[in-house]
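Residue numbers for the sequence shown, in mature numbering (1 follows the signal peptide of the UniProt record, and there is no 0): -22 to -1, 1 to 704. Note that the Cβ used here is the ideal one computed from N, Cα and C, for glycine as well. A quick note: this is a predicted structure, and the numbers were derived from the prediction, not measured. The block underneath contains the structure these notes are about, expressed in structure tokens.
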Amino acid sequence: MKRFNALPFLLLFLTAITTLTAQQKSISLEEIWGGAFRTQGLDALHSMNNGKQYAVLNYDRQEKASTVDVYDYKSGEKVRTLLNSKDLKGIDYIISYEFSEDESKILFTTALQQIYRRSSLGTYYVYDIASKQIGLVSTNKIQEPTFSNDGSKIAYGFENNLYIKNLKTGETKQITTDGKKNSIINGITDWVYEEEFAFVRAFEWSKDGDRLAFIKFDETEVPQFNMDLYGDALYPTADTFKYPKAGEANSKVSLHIYDLGSGSTSEIDLSSYNNYYIPRLLWTKDNNLLSVQLANRHQNVIDLVFVDASNNTSNLILAEKDDAYVDVTDNLTFLNNNSFFWTSEKDGWNHIYQYDKNGKLLNQVTKGPWEVTAYYGFDQNTGRVYYQSTENGSINRDVYSILPSGKNKVRLTDRKGTNDADFSADYTYFINTFSDAKTPYVYTLHEAKTGKLLREIKNNNDLKNRLASYKISPKEFSTIQVNGEDLNMYMIKPLDFDENKQYPLFLYQYSGPGSQNVSNSWMGTNDYWHEMLVNDQEIIVACVDGRGTGFKGRDFKKMTQKELGKYEVEDQIAVAKKLGELPYIDASRTGIWGWSYGGFMSSNALFQAPDTFEMAIAVAPVTSWRFYDSIYTERYMQTPQENASGYDENSPLSHVEGLKGKFLLVHGSADDNVHVQNSMRLIEALVQANKQFDWRIYPDKNHGIYGGNTRLHLYTLMTDFIKKNL
């Protein structure tokens, strides 16, 4: 047997890799923030009632027209165009749309003015498909217009009051009159509900459209926050709004039901329950029964209450409790007999449960040491429940169906990565959105019963092919054992990585409760920036999801209760030390960065471990949980009055004396979420400790710090800071 000499082939291979790397282009910040790497998708996907077709919102750049187009699921052929902005006088484009229940009308908007993260004021129209007539809902800019189930009326919010428009007569009726800015809000959530309970529309039509249930927010006693807006006028203006910080007074909430027949409004007495918060409203399949989710201030109890609107009585159906907190979700689903599905972490993992109409447990539908990450619905015809889960690893997502008994489970997706489904109205089909760390979004059609692939609808192969000419290193997924836990991690190394060289280490994390940064999914904008740093600056980027993050069970997620910033910081410090022991890591050049909660973390890591980290970047950080809002903070920390040490011992403000390395602090002056007060207080503490650092305030920018060239400017600043200090 001849001896094989591998050296010439190895040299040839290395030469080829070097040549290929030299030919590949570097990613630029201008490309990242100019949209060069945007993906294509299915905008405003809606399954039609017949279950055979779906609608999407398209924009034709050549025609400069927005269209709502209907496609056949099976063939993929365009069946018809329901709405074309070119046919509508004075309308250039459509931002969003929704159908009435019977799909005879389309409600769409042409102009939106952002208020906060989820809320906006808009100009809305109703288009009658049969008559091709168009009508303006209101001459005012309104909030959250919503069809009644029969499509004959629209309810909406305007200047803190509720209105109902009769589409047949054109008459508009104001049904509340006490709305007042920074005082009373009817049917639209206040700032903190919008941000932390993730909903804006606090009103719901009954099944038959004869009643409108709504929440009233009395903000009178909520402390006021003032934010200067500099603009371009001679004098700045002030934005004043109610913002309850941890431990402070919240809005007093009450539940009301308006009867369209009598024109009267009734307030529902909820005093027998944990009614400090009302985070969800949903009418059941019984026209008289409204389900209400109520929570105490600690948010460790959720009462599911049924209100009988025929006599305004109420009944406790289910009480969900947890030693830490109970998550509020949109997973509650009623069947025709008013039995319902509900998700809970009560066995230690997030799973689906079925209850009868009286709240008696029928069965735990899913079980196992994995999490249900999305509940898609129930097919009344086949009796199957559809959901997404982490059964194939906490960084992956797959789609499944199962019987309510917990039997006959079917895995409907077969590609390892992130799968997300959108089901047809009759559960015949689903459109799967797939991506992994190497594959941008692919949209495919499948049989719901078996998961059988029927056809590909859309892909991002053009982007994938273009990216082949750029320097992009693969994410290397693994786990790292620190502090007794196996933590999910990815690492990105330069394409021409040489294990005999030493590289700086730059950690990226968010670390907030229930979050996830390490996932087998397609890249976001920060990933492109990390790739640029890795291959242009020869830095190794790593990301580790520490204790307190999500999708690894209730105990892992909730171990940080009352101690936000303690265990998470310990984990990032331990990770930096352990990775610093690798022969190809230069432990004397270790940095960390993050945004929001991640900025809170990176500040703490640099201040508390000055011999481990040489630099940190904190963008829009919380610097004390005393400054942050009530609902989020108290969910994990209780109030400052109850847990002063938890708030103060884990605050970066308490550790400024430890700063030795290089620190960059960034904030937007008009951040309504994490107020610039956080950074100003940290700046003052660092000044008084005589610590030198760099900082940048972006005028009139909110928590996202964007608009015009702002993101490009910010990432140029951070890139230069890394070049200089890492």
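> Where does L445 fall in DSSP's three states?
Replying inline: Within the sequence shown, numbered from 1, the residue matching residue 445 stands at position 467. L445 falls in the helix class under three-state DSSP.
> Exposed or buried, which one is K430 when buried takes at least 16 other CB atoms within 10 Å?
Replying inline: Your numbering for residue 430 matches position 452 in the sequence shown. Classification for K430: exposed.
>> Using only CA atoms, which one of G492, G209, A415, L294 lies nearest to E323?
In response: Against the sequence shown, residue 323 aligns to sequence position 345. Out of G492, G209, A415, L294, G492 has the C-alpha closest to the C-alpha of E323.
>> So N397 and V420 are supposed to be a Cβ contact under 8 angstroms. How far apart are they, rounded?
In response: In the sequence shown, the residue the question calls residue 397 occupies position 419. In the sequence shown, the residue the question calls residue 420 occupies position 442. Actually they do not touch by this definition, with Cβ atoms about 10 angstroms apart.
> How many whole angstroms separate the CB atoms of L61 and I84, which I take to be in contact at a CB cut-off of 8 angstroms?
Replying inline: Walking along the sequence shown from the start, residue 61 turns up at place 83. Walking along the sequence shown from the start, residue 84 turns up at place 106. About 6 angstroms separates the two Cβ atoms, so the contact holds.
>> Here's the rule I'm using: 16 or more other beta-carbon atoms within 10 Å means buried, otherwise exposed. How should P214 be labelled?
In response: Locating residue 214 in the sequence shown gives position 236, counting from the first residue. Answer is exposed; the Cβ neighbour count stays below 16.
> Can you give the Cα-Cα distance for N374 and A587, rounded to whole angstroms?
Replying inline: Taking the sequence shown and counting its residues from 1, the one referred to as residue 374 is at position 396. Taking the sequence shown and counting its residues from 1, the one referred to as residue 587 is at position 609. In this structure, the CA atom of N374 is about 33 angstroms from the CA atom of A587.
> Between which two residues does the alpha helix (DSSP H) carrying E182 extend?
Replying inline: On the sequence shown, residue 182 is found 204 positions in, with the first residue counted as 1. Where E182 is concerned, there is no enclosing alpha helix (DSSP H), although the beta strand (DSSP E) it sits in stretches over 181 to 183.
> According to DSSP, is V694 helix, strand or coil?
Replying inline: As a first step, residue 694 is located in the sequence shown; it is residue number 716 there, counting from the start. The residue you asked about is not Val; residue 694 is Thr in the sequence shown. In the structure shown, T694 falls within a helical segment according to DSSP collapsed to helix, strand and coil.
> What are the boundary residues of the alpha helix (DSSP H) that includes Y614?
Replying inline: Position 636 of the sequence shown, counting from 1, holds the residue named residue 614. Segment 608 to 615, the alpha helix (DSSP H) holding Y614.
> Between the C-alpha atoms of L114 and I142, what's the straight-line distance to the nearest angstrom?
Replying inline: For the purposes of this step, residue 114 is taken as the residue at position 136 of the sequence shown. For the purposes of this step, residue 142 is taken as the residue at position 164 of the sequence shown. The alpha-carbon atoms of L114 and I142 are separated by roughly 14 angstroms.
> Is DSSP giving residue 707 helix, strand or coil here?
Replying inline: In the structure displayed, the chain extends from -22 to 704; residue 707 sits before or after that span and is not available.
> With burial defined as no fewer than 16 other Cβ atoms inside 10 Å of the residue's Cβ, what is the status of P257: buried or exposed?
Replying inline: Residue numbering aside, residue 257 sits at position 279 when the sequence shown is read from its first letter. Answer is buried; the Cβ neighbour count reaches 16.
>> Taking the straight line between their C-alpha atoms, what separation do you get for R16 and K442?
In response: Here the question's residue 16 lines up with position 38 in the sequence shown. Here the question's residue 442 lines up with position 464 in the sequence shown. Going by C-alpha positions, R16 is about 11 angstroms away from K442.
>> Going by C-alpha to C-alpha distance, which of L704, N687, K701, F699 sits closest to G12?
In response: In the sequence shown, residue 12 corresponds to position 34, counting from 1. Here the closest residue by C-alpha is N687.
> Which residue from P201, N138, E226, S367 puts its Cα closest to that of T617?
Replying inline: Within the sequence shown, the letter at position 639 stands for residue 617. Per the C-alpha coordinates, the member of P201, N138, E226, S367 positioned closest to T617 is E226.
> What did DSSP end up calling N628 once you bin it into helix, strand or coil?
Replying inline: Within the sequence shown, residue 628 is the residue found at index 650, counting from 1. N628: coil per DSSP, three-state reduction.
> Short check: CB of P630 to CB of T601, under 8 angstroms?
Replying inline: Counted from its first residue, the sequence shown places residue 630 at position 652. Counted from its first residue, the sequence shown places residue 601 at position 623. Going by C-beta atoms, P630 is nearer than 8 angstroms to T601.
> Bridge partners of L114, per DSSP?
Replying inline: Start at 1 with the first residue of the sequence shown, and residue 114 comes out as number 136. Partner(s): Y103.
> Is the region 422 to 429 close to the region 503 to 523, with three or more CB pairs under 8 angstroms?
Replying inline: Taking a cut-off of 8 angstroms for Cβ pairs, the region 422 to 429 and the region 503 to 523 do not touch, as fewer than three such pairs fall below it.
> Around the C-beta of G502, are 16 or more other C-beta atoms found within 10 angstroms, so that it is buried, or is it exposed?
Replying inline: Within the sequence shown, the letter at position 524 stands for residue 502. It is exposed - the Cβ of G502 has fewer than 16 other Cβ atoms within 10 Å.
> Would DSSP call N138 helix, strand or coil?
Replying inline: Position 160 of the sequence shown holds residue 138. It is coil, neither helix nor strand.
> Quick one: is A33 buried, meaning 16 or more other Cβ sit within 10 Å of its Cβ, or exposed?
Replying inline: For this step, residue 33 is matched to residue 55 along the sequence shown. A33 should be labelled buried.
>> Assuming the contact rule is C-beta atoms closer than 8 angstroms, Q550 and L485 should be a hit. Round their C-beta distance to whole Å, please.
In response: In the sequence shown, residue 550 corresponds to position 572, counting from 1. In the sequence shown, residue 485 corresponds to position 507, counting from 1. Their Cβ separation, rounded to whole angstroms, is 6 angstroms, which keeps Q550 and L485 in contact under 8 angstroms.
>> Whole angstroms are fine: how far does the CA of T243 sit from the CA of L140?
In response: Residue numbering aside, residue 140 sits at position 162 when the sequence shown is read from its first letter. Residue numbering aside, residue 243 sits at position 265 when the sequence shown is read from its first letter. The straight-line gap from Cα to Cα measures roughly 12 angstroms.
>> Going by DSSP in three states, N410 sits in which element: helix, strand or coil?
In response: By 1-based counting over the sequence shown, the position of residue 410 is 432. Three-state DSSP puts N410 in a strand.
> Out of curiosity, what's the CA-to-CA distance linking F408 and I570?
Replying inline: Taking the first residue of the sequence shown as position 1, residue 408 is located at position 430. Taking the first residue of the sequence shown as position 1, residue 570 is located at position 592. Cα to Cα, the separation comes out at about 41 angstroms.
>> Considering Cα atoms alone, identify which of S581, N651, G646 is closest to A663.
In response: What you label residue 663 is simply residue 685 of the sequence shown in a count that begins at 1. Among S581, N651, G646, the Cα nearest to that of A663 belongs to S581.
>> Can you list, in chain order, the residues of its chain with a C-beta nearer than 8 angstroms to that of E477? Leave out the 5 residues immediately preceding and following it.
In response: Counted from its first residue, the sequence shown places residue 477 at position 499. Short of 8 angstroms from the beta carbon of E477, and not among the five residues preceding or following it, lie these beta carbons of its own chain, in chain order: P561, Y562.
> Taking C-alpha atoms, which residue in Y364, H424, F401 lies nearest to D392?
Replying inline: Reading the sequence shown from its first residue, position 414 is the one you call residue 392. Selected option, being the one with the closest Cα: H424.
> T697 to L511, Cα distance in whole Å?
Replying inline: In the sequence shown, counting from the first residue as 1, residue 697 sits at position 719. In the sequence shown, counting from the first residue as 1, residue 511 sits at position 533. Distance between the alpha carbons of T697 and L511: 8 angstroms.
>> Taking the beta strand (DSSP E) that D376 belongs to, which residues open and close that run?
In response: As a position in the sequence shown, residue 376 is number 398, starting the count at 1. Counting along the chain, D376 sits inside the beta strand (DSSP E) bounded by residues 376 to 380.
>> Assuming D678 and Y208 are in contact, meaning their beta carbons sit under 8 angstroms apart, how far apart are those beta carbons, in whole angstroms?
In response: One-based indexing of the sequence shown puts residue 678 at position 700. One-based indexing of the sequence shown puts residue 208 at position 230. With a contact defined as Cβ atoms closer than 8 angstroms, D678 and Y208 qualify at about 6 angstroms.
> Based on the DSSP secondary-structure assignment, which residues constitute the bridge partners of G646?
Replying inline: Here residue 646 is taken as the residue at index 668 of the sequence shown, counted from 1. In the DSSP output, where bridge partners are listed per residue, G646 has Y676.
> Do you know offhand how far I235's Cα is from F192's?
Replying inline: Here residue 235 refers to the residue found at position 257 when the sequence shown is read from its first residue. Here residue 192 refers to the residue found at position 214 when the sequence shown is read from its first residue. Here the alpha carbon of I235 sits roughly 6 angstroms from the alpha carbon of F192.
>> Would G639 and M579 qualify as a contact pair, given that the criterion is a beta-carbon distance under 8 angstroms?
In response: For this step, residue 639 is matched to residue 661 along the sequence shown. For this step, residue 579 is matched to residue 601 along the sequence shown. No; because the gap between Cβ atoms is not below 8 angstroms, this pair is not in contact.
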